[in-house]
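Chemist: One structure follows; several queries about it will come next.
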Amino acid sequence: MTIERADIEKLAELARIELNEATITETTRSIADVLALVDQLQAADTEGVTPMAHPTDAVQRLRPDVVTETNQREAFQAIAPAVEGGLYLVPKVID
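For the sequence shown, the residue numbers in my numbering are 4 to 98.
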C-alpha cells in the first residue's frame with residue numbers, strides 16, 4: 004500500500020491539524036516506512052505458529068481473590084448527607 008501527499012493532507016484536514024510543507028513531506032515518508040514494515044511482516048510465513056498472548060509467555064502472579072474488608076455500608080450511610088433505599092442521593096448537576 005502506498006500513501007501520497009494528498010492522503011496526508013486529507014487526514015490533516017479531517018483531524019483538524021495544520022501541517023506545514025516540511026511536516027507533510029516527513030509524515031508522508033514516515034507513514035510509507037511504517038506501511039512497508041507492515042507489508043514485510045505480513046509476508047512472513049506464520050503457518051503452524053500458535054498465537055501467543057505475550058512474547059515471553061510471562062505469567063502474572065495475582066493475589067488471592069478474597070474479601071479482606073468488613074461490610075461497613077450501614078456506618079457509611081449513617082454519616083452520608085442523603086440516603087434513600089440503601090442508595091446515596093446526590094444533587095442533580097445536569098438539567
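Just so it is clear, CB atoms sit at the ideal spot from N, CA and C, and this is done for glycine as well.
1) CB Leu92 to CB Ala81, shorter than 9 Å?
2) Is it buried or exposed, Thr71, if we count other Cβ atoms within 10 angstroms and call 16 or more buried?
3) Out of curiosity, what's the CA-to-CA distance linking Thr28 and Lys95?
4) State whether the region 28 to 45 contacts the region 8 to 18, with contact taken as three or more CB pairs (one from each stretch) at a distance under 8 Å.
5) Under three-state DSSP, which class holds Glu87?
Modeler: Concretely, from the data shown:
1) Translated into the one-based positions of the sequence shown, residue 92 becomes position 89. Translated into the one-based positions of the sequence shown, residue 81 becomes position 78. Judged by beta-carbon spacing, Ala81 lies beyond the 9 Å limit of Leu92, meaning their Cβ atoms are not closer than that value.
2) Within the sequence shown, residue 71 is the residue found at index 68, counting from 1. With fewer than 16 Cβ atoms within 10 Å of its Cβ, Thr71 is classed as exposed.
3) Here residue 28 refers to the residue found at position 25 when the sequence shown is read from its first residue. Here residue 95 refers to the residue found at position 92 when the sequence shown is read from its first residue. Cα to Cα, Thr28 sits roughly 51 Å from Lys95.
4) Because the criterion of three Cβ pairs below 8 Å is met, the region 28 to 45 and the region 8 to 18 touch.
5) By 1-based counting over the sequence shown, the position of residue 87 is 84. The three-state secondary structure of Glu87, taken from DSSP, is strand.
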